[in-house]
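Quick note: full-length UniProt numbering has the sequence shown finishing at residue 1224, numbered continuously throughout. Structure record follows, encoded as structure tokens.
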Amino acid sequence: MSTTREQSVRIGVDVGGTNTDAVAVDPSEQYTDSRGVLAHHKTPTTPDVTEGIEKAVRTVLEKSALSAQKIASVTVGTTHFINAVVEQDARRLRRVAILRLSKSFLREVPPFSEFPAGLTNIIKGYVGYCDGGLHIDGSEEAPINEAHVMERCAEIKKLGLSAVVVVGAFSPIDEVFQQENRVRDIVLRELPGVDVIASHEVANIGLLERENASILNAAILRYAKRTVKGFRRAMKTLQLTCPLFLTQNDGTLLDSAAAANIPIRTFSSGATNSMRGAAYLAGHDTGNSSAIVVDIGGTTADVGVLLPSGLPRQASAYVTVAGVRVNYSMPHLHSIGLGGGSIVRETDGKVTVGPESVGHYLTRDALVFRGKVTTASDIAVASGKANIGDKESVKDLDNNFVLQAEKHIKRLLEGAVDIIKTSPEPLPVLLVGGGAVLAPASLDGASELKMPPFHDVANAVGAAVSKIGGIVDVIQGVADQSVLEAVEHAKAMAIQRAVDAGAIRETIIIAEMDSLPVTYVANQLRTIVKAVGELDINMQSSQLDDEVDDKSGDEHEGSKDFAVKVVDEPPVDPTNYKPTVVKNQQTQIQEWQISETDINYLADGCYVLGCAGGGSPAASRIQLRDMLRVGHKMKVIDASALDEAAKIYWGGHMGSPATSNERLQSLETVQAFYALTEYLRHDSFDAVMGLEIGGGNGMEPFLVGSSRFFDRPVIDGDWMGRAYPTYWQTTLAVHAPGELVPCVIDSGDGKTIIMTKASNDEIVDRALRASCAEMGSRVGMAAKPTTTDHVRKFGVLNTVSLAWRIGRCIARAEATNTISNVAEAVINEVGGPKSAKILFRGKIVNVERRLFKGHSYGSITITSLTASEEDSPEAAAEHMPAVATGGTLTIPFKNENIYAEHTTEDGKKTIIASVPDLVCVLDSGSGRSLGVPEFKYGFRVTVLGITCSPRWTETPAGLQIGGPKAFGYDIEYKPLGEYAEPRSVIEDLSANGQVVGQASVPLILRGFDADGGGDWQTRDVGLLYSADDAGRRHEYNAEIQAAYARHKTFAIDVWINYDTSAGKFFTDRRVQDCGKIRLTPEQAVHLRHDGAMQAKFHKIRLEIGRPFKNLAILSFAIEKPDTTAATPKITAGFRDCTNAESRHVSVIQMLRAFCVDVGKGMHNVTNGKDHFDWEDLLKLAANFCLPCSPEEDFARKLYGYKGLWMVEPDSSMVEPDSADPGWM
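Okay, here's the thing in structure tokens:
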């Protein structure tokens, strides 16, 4: 090899879970036979990744005979950082403090709300709030209060935390105030040496997802810095002085210092590297067309699209990493179970390939390696495509068997290619990976197939030739500038960021550009731009201080510390779940008591009924879930149960759902209700009803009506039966014009407007919407109170029940693996084929959006699926026929879907559904609804049509306000079908005799009587209340009896986890709705088969649960004896979490007395030992359980019944449900 080559050689390294690949590439020789690949090396990945990289690069340098001075750059792609998160490796993760910046918002949905329990356990350190935050237009919600930040820093210092995340509302658009940067400066001044992550530097718009990404980034940061320093030391050892880069998820480069500070951007770069390498090696000119890349490994094949920009097509706005939802760029991939190790079988004459695989045992198990398993590699050798192993071992394979296997492989690849494409036109397909030889000579849907040289190291080649990028995601006003000027400004920002990152300005192109109008907000445009260019090898990259090391820097790379895996509770079985309906003994009204499961169902159902609008219910679901978990109540009643003179309040959110992406869920609507009651001089009201059931607004009545605020029932109904873009498009305005004022809007941060008069209903919406824009573009609204007569005559009734049933359909489909038929299940729930229809099945191939007067106008185009994209014949046989097949379907929208127009292949157009009927777009992969913000190329969807309520169609005014002409379309409305009034959940349960009321069986609780001499005795449930509650005892009694009758247990929980590092069991969290000792299946096996009687427990924690959820926690801990102590010390802790009304006082007194007695040694279950053992745990639990005479009988019941039972109807043991293998 030449040694006089200019400094143009780049080294690329890709560290995978199995192998580490390294190459030396001279891009100037791309179009020669060698593709510029001067040397390559593949070696097994070592536990110490740095050591493996050094070895691989050293080998490449030796093979190429290149001196270190000839190397222009070294680029590494690694899964190392994401693996530490996925594996929950506690040694490599830190606890993180979070500082949120907002004066009035962000409190209702706290950090870690959707984190997996295990990760939360490891990295949650502190959460604090400071004044600050921006509005959607970039104005300041509140200035930074330095004193607040300093107070939070003092609290963080006490906890000894060294990683801080600063996240402010709308910080990605904060170009003026720089709030996150200001707070970072204060934190660094107050806490020298800590790592501070400003969220706007990590991800884009979407606060919760951006915060999640920042938390993961902060948790892994110290380890990332240590690892990158290790890479740099390896380069120094090899005498390489060139820049070091890491590849990002989007196909561009980060210099090593930036990667060490934002490691999350490198989490999923492996697939991207393969795609970039494929295009380079195949000589594909991405500037002329897209290409599909198929990377076939040992177990799976990843299929993605390389865009004309040369970068991979990115996944939808939000992706999930290690169970955490984030919003940074990730490649859009479709994976199938096809690889070199895929097992080939013949069953009943049918040959299948995969998805099972022998994986890394290929060289042991495959026929060509003298194994006994027929694999895809054996088929490739038998057909002459590959030359590996012993060919003689496959010579006896039947030719027809080999042919059928090849056909199956061809079908798998064709199906994957069709799914990933966004148009029917054929595209080039590039084949890479060690299993690329499995591919056939041609594929339907492919204009050509290319398997380039060095295809098995394409990932490392892609890393070597990656480009530099700059990304901008900005919201700009377009009142004082044109849309074109706003877009050009965003492009200029992206180009400058690429230059700053090290790109040559002359080579930069705009790779991606998307402009999205901000819905419901006038003159605001969100623009996302990505610019990419060639690496300037003469750039001066930022440096890390390699001389400074972390305290843990000398730890060996292979010594992992896996934290205790805290397993989330399994969801309620949706096939058996029944909601709780209780007869209120005071009012004699049947009330549906809302549970966490109900909230989950309602959220999914409301989004479907939103017809792509109404805003996502996700944040509302978290808010309401957390309220239920701390003991607040929510209830629903039928409209038929209303008193004739009832005073009914109604309302919801108004403004842009995009605002909630940053401000999350707040209390604007509650504040609006308070303001209206004050204006009207009402002490309260009798019931609350929703403005619309669709989207996030469908959840707002539960917030207002909860016991946390007004403690009033939610009426099973609303004023739309769906979602509409304006406040006046209601059935109330249709049938009773002039009933919208007086009304109130409230911003949630101290601004309230009351509108007392209006000439017509439409002007009410227009006036309030204009005010809304000046109040932060998101307000709560409370409308003129209505009457029982209006609700019954003009409301769309039982829509809460309908949303619940639709959500349950989705949950059932998930539980039973029948997602492909979820649309059919929804149709059956809403009245059958006469009331609802599947309009179309297909794939989104085009999305258009434009901004007009604050509304998001646009359309989506859906093309029918090809035969290979359709579900299996068995699944397809269960599908209802669609109204239209073949051709395309176009759905225009104005925040919500307006109509569905089918175009046949010969160009004939037909409107098959329109407003006021519901047009819903379901994601075929999840069964859930897609809203306008989620519409994206490539989604496979099922379009559902549901007949609207006759409240919209029984008068001309209904169609005038809610029909196609109201949106400016000259379309004649044709009913989709016959309306079927939704079935009331309350009526259904009443008819089946499942309502709990005064007639339910008496319930007995065995508990400690603090006032009766300290004896354990049975007590009536009613005695759980103190004399102070006598006035409301009757009402509370009914609630408790209902909860007990439903759950059959009194929820004293002991959750036990095994700490592998400490070698002991401990408890650390509660379980709801049960009274059992809770273990994961693995822990249960350990106790059963590894000496249960000898297991040591150093901490026991019992929590009083439903209906006393979060009211009291009783904990025991043992301090091991020191050298001077003769006996161990047992301590008991008690946390009183009673609410302001001090309910359930007797239970609190009972537990407090028990704690005192434990402290005095009166209930010293440990008998002087330095640990609790299994026998002690049984004794302790027995104190909170049914009386069992001998201890042996108690143990028998424990194992036999798989649970500890505490409440019994009329003194007889209830048979428990032992279906869950995790219960003991």
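Beta carbons are placed, not taken as given, at the ideal position from N, Cα and C, and that holds for glycine. Predicted model only: the values in this text are computed from it and were never measured.
| Check | Outcome |
| --- | --- |
| Let's test the definition: count the other Cβ atoms within 10 Å of the Cβ of Tyr724 and tell me whether it reaches 16, buried, or not, exposed. | buried |
| Below 7 Å CB to CB, which residues in the same chain sit around Ala464 once its five sequence neighbours on both sides are set aside? | Arg10, Ile11, Gly12, Val23, Val25, Thr75 |
| Have a look at Ile219 and Ser67 and give me their C-alpha separation to the nearest angstrom. | According to the sequence displayed, residue 219 carries Ala and not Ile. When rounded, the distance between both Cα atoms is 38 Å. |
| Run through DSSP, which three-state label would Ile205 get? | coil |
| Whose C-beta lies closer than 6 Å to the C-beta of Arg805 among residues of the same chain, with five residues either side of it excluded? | Glu829 |
| Hey, which unbroken runs of the beta strand (DSSP E) at 3 residues or more fall wholly within the stretch 610 to 697? | 635 to 637, 648 to 655, 687 to 690 |
| Within the stretch 395 to 478, note down every full alpha helix (DSSP H) run reaching 4 residues or more, in order along the chain. | 399 to 420, 458 to 464 |
| Could you tell me which uninterrupted beta strand (DSSP E) segments, each at least 3 residues in length, are contained entirely in the stretch 342 to 403, listed from first to last along the chain? | 342 to 347, 350 to 357 |
| Are Leu413 and His284 closer than 8 Å when you measure CB to CB? | no |
| Could you say which of Gly962, Ala825, Gly277, Val324 lies nearest to Leu306 if we only look at CA atoms? | Gly277 |
| Is Gly270 helix, strand or coil when you go by DSSP? | helix |
| Could you tell me if His682 is buried or exposed, where buried requires 16 or more neighbouring beta carbons within 10 angstroms of its beta carbon? | exposed |
| Skipping 5 residues on each side, what residues in its chain have a beta carbon closer than 7 Å to that of Lys551? | For Lys551, the predicted model reports a pLDDT of 44, less than 50, meaning its position is unreliable and no value from the coordinates is stated. |
| Using the three-state DSSP reduction, which class does Phe794 fall into: helix, strand or coil? | helix |
| Evaluate contact between the stretch 749 to 766 and the stretch 732 to 741, counting only Cβ atoms and requiring at least three cross-stretch pairs below 8 Å. | yes |
| Could you tell me which of Val457, Ala646, Thr580 sits nearest to Leu989, measuring between CA atoms? | Thr580 |
| Candidates Ala259, Ile336, Val373, Arg325: which alpha carbon is nearest Arg345's? | Val373 |
| In chain order, what residues of the same chain have a beta carbon less than 8 Å from the beta carbon of Ala154, not counting five sequence neighbours either side? | Glu190 |
| Could you spell out where the beta strand (DSSP E) holding Pro44 opens and where it closes? | 37 to 44 |
| Taking the alpha-carbon of Ala913 as reference, which of Ala84, Asp21, Phe893, Pro243 has the nearest alpha-carbon? | Phe893 |
| Using the C-alpha atoms, what's the distance from Ala884 back to Gly977? | 15 Å |
| Is Glu211 helix, strand or coil when you go by DSSP? | helix |
| Would a C-beta distance cut-off of 8 Å place Ile144 and Tyr126 closer than the cut-off? | no |
| Are the stretch 150 to 166 and the stretch 225 to 236 in contact at 8 Å, needing three or more beta carbon pairs? | no |
| Select from Val351, Gly310, Asp295 the residue whose C-alpha is nearest the C-alpha of Leu449. | Asp295 |
| Identify the continuous beta strand (DSSP E) that holds Asp185 and give its terminal residues. | No beta strand (DSSP E) holds Asp185; the alpha helix (DSSP H) holding it covers 179 to 190. |
| Are the Cβ atoms of Ile648 and Val483 separated by less than 8 Å? | no |
| On the three-state DSSP scale, how would you describe Val548? | Low local confidence applies: a pLDDT of 44 at Val548 is under 50, so the model's placement there is unreliable, and no value is given. |
| When you compare each of Ile495, Leu676, Thr507, Lys124 to Gly780 by their alpha carbons, which one comes out closest? | Leu676 |
| In whole angstroms, what separates the C-alpha of Phe939 from that of Gly842? | 8 Å |
| Between which two residues does the alpha helix (DSSP H) harbouring Leu959 extend? | 956 to 962 |
| What are the boundary residues of the beta strand (DSSP E) that Cys130 is part of? | 124 to 130 |
| When we look at the beta-carbon of Thr863 and count the other beta-carbons within 10 Å, is it buried (16 or more) or exposed? | buried |
| What would DSSP say about Asn828, mapped onto helix, strand or coil? | helix |
| Per the DSSP calculation, Pro892 is bridged to which residue(s)? | Ser859 |
| Which one of Leu238, Thr237, Ala257 has the shortest CA to CA distance from Leu244? | Ala257 |
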